[in-house]
Amino acid sequence: MFTEQLTESLAVVGQLPCSNHATNTGDNTIAGIDMSIFRRLITYLDVGVVNTGANIQLYYQASAKANMASPVNVASAIPLTANTSNRIESLEVRADQLPAGTRYVQPILIVNTSQVNVGMLCLGGESAYKPASKYGVANVLDQGLVT
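Read left to right, the sequence shown gives residues 0 to 146 (numbering that gives the first Met the number 0).
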């Protein structure tokens, strides 16, 4: 029986370091994530101070192409709206929720009303191939294990 560590069963497939994002801006800099490898994708937001009336929205887009050409919104993944300071927020999508004919997913972050300090981390799980960690994005993860 193969017993994998949690660090092996999850892959860091996207990261946006914490920084101030300007009002009325979006961020789609995380590359398309191949959902033919992962059955699930979870995106965590690390939300700093949110000014009064401001909010952050997170949703997923899907495409048939890795470069995210002609993306469509993933309607089955309910968009996340965060408006509380100093919170961790999460949004998850499964491969079977993607629109027909698509296989790549990209998280889209929108900052509304006022600038917000926020970071994002995307983890792919339930990989078709083991260990999932070998499909992680290079140069974003340092890890240690207790053995």
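Cβ atoms here follow ideal geometry from the backbone N, Cα and C, with glycine treated the same way.
- Short of 8 Å from the beta carbon of Gly52, and not among the five residues preceding or following it, lie these beta carbons of its own chain, in chain order: Thr112 and Ser113.
- Between Val12 and Val136, the C-beta gap is smaller than 8 Å, which places the two residues in contact.
- In this structure, DSSP gives Leu5 a helical state, which the three-state scheme calls helix.
- Following the DSSP letters along the chain, one finds Asp26 inside the beta strand (DSSP E) bounded by residues Thr24 to Asp26.
- The DSSP-derived three-state label of Tyr134 is helix.
- Straight-line measurement puts the Cα of Leu97 at about 11 Å from the Cα of Asp33.
- Under the three-state reduction of DSSP output, Ala94 falls in the helix class.
- Taking the CA atoms as reference points, Ser75 sits about 19 Å from Ile55.
- For the options Asp26, Ala30 and Glu125, the alpha carbon positioned closest to that of Leu57 is the one of Asp26.
- Taking a 10 Å sphere around the C-beta of Cys121, we find 16 or more other C-beta atoms and assign the residue as buried.
- Taken in chain order, the complete beta strand (DSSP E) segments of 3 residues or longer contained in the stretch 29-67 are 37-49 and 54-62.
- An exposed status is given to Pro16, since fewer than 16 other beta-carbon atoms sit within 10 Å of its beta-carbon.
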